[in-house]
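To start, the structure under review is shown below, and the notes come after it.
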Amino acid sequence: MRSSPGSGRLLLMILMVVAAALVFALDQATKAWIATNMVNHGVRPIIAGMVRLRYTENTGAAFGLFQGGTLALSIAAAAIIAVIVLSITRMGSGNPLLMLGLALVLGGAIGNLVDRVRLGYVVDFVEVTALRADFSGTVYTFPVFNVADSAITVGVILIMAALLFGTHDARPQTSAPLED
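So this note's numbering is basically just the index in the sequence shown, starting at one, shifted up by 827.
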């Protein structure tokens, strides 16, 4: 029994929804755990000298940009979510790597948007202490992040890989071969 092209598209769409929902659920669950267990408890080492848990309330975006910009960042996130949903529904079956990347970005964007709307900030908690540089007395550190941020980062990498290295139109040629 052969499946129709529509059933492949439906399956891919279901898998995308599941991937985005899993990212969202994991993001919200980890943030709830951190908020319950780490708010006033300092830090908790995960890998000594490299990675630790530290509760942080982020009113900006990555790398400390746009601090206090919750409304503008919420509007931007809602627009990104709308564009991704519209893109997914119009792409057809598309490249599975591209679609997975979009699903990861979607789940992460929804997770961080829910925090911004509900709390007025995003809960971040993974701190990579091994990535630290001191330039003339100023210490630069890697930003504290969360599951949603990780999913967005991996999703963007997958999208770039799909666009740069993905297969292009693989339909058979319809023109007649050239004859001598």
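Glycine included, every Cβ here is placed at the ideal spot set by N, Cα and C. Every value quoted in this text rests on a predicted model; they were computed, and no experiment measured them.
Item, Value
"Can you tell me whether threonine 965 is buried or exposed? The criterion is at least 16 other CB atoms within 10 Å of its CB, across all chains shown.", "exposed"
"I need the DSSP call for phenylalanine 992, collapsed to helix, strand or coil.", "helix"
"Which runs of the beta strand (DSSP E) spanning at least 3 residues fall entirely within the region 841 to 881, listed in chain order?", "870 to 874"
"Buried or exposed: which applies to alanine 1003, given that a residue is buried once 16 or more other Cβ atoms fall within 10 Å of its Cβ?", "Here the model assigns alanine 1003 a pLDDT of 49, short of 50, so the residue's position is not dependable and the matter cannot be decided."
"Take proline 878 and list the residues in its own chain whose beta-carbon comes closer than 6 Å to its own, dropping the five residues that flank it on each side.", "According to the sequence as given, residue 878 is valine; it is not proline. Here the set comprises Val955."
"By the DSSP assignment, the beta strand (DSSP E) with threonine 968 in it spans what residues?", "965 to 968"
"For glycine 934 and leucine 849, which I take to be in contact (beta-carbon distance under 8 Å), what is that distance rounded to the nearest angstrom?", "7 Å"
"Suppose you measure from the CA of isoleucine 986 to the CA of leucine 958; what does that come to, to the nearest Å?", "26 Å"
"Find out if the Cβ-Cβ distance for the pair glycine 993, leucine 927 is shorter than 8 Å.", "no"
"Quick one, are the C-beta atoms of isoleucine 937 and isoleucine 902 less than 8 Å apart?", "no"
"Is glutamate 954 helix, strand or coil when you go by DSSP?", "strand"
"For aspartate 951, collect the residues of the same chain with a Cβ closer than 6 Å to its Cβ; drop the 5 residues on either side in sequence, then sort them by chain order.", "Thr883, Asn885, Val971, Phe972, Asn973"
"Is there a Cβ of chain C sitting closer than 8 Å to that of glutamate 884, yes or no?", "Absence of chain C from the displayed structure is noted, only one protein chain being present."
"At the level of alpha carbons, what is the spacing between alanine 997 and asparagine 922?", "With a pLDDT of 43 at alanine 997, under the threshold of 50, the modelled position of that residue is not reliable, and the figure given next carries that caveat. Computed Cα separation, rounded: 11 Å."
"Looking only at its own chain, which residues have a Cβ that is under 6 Å from the Cβ of glycine 895, when we skip the five neighbours before and after it?", "Thr886"
"If you drop the 5 nearest sequence neighbours on each side, which residues of the same chain put their C-beta closer than 6 Å to that of asparagine 939?", "Val949, Ala975"
"Quick one, which of Leu898, Gly982, Ile911 has its alpha-carbon nearest glycine 947's?", "Leu898"
"With DSSP as the reference, label valine 981 as helix, strand or coil.", "helix"
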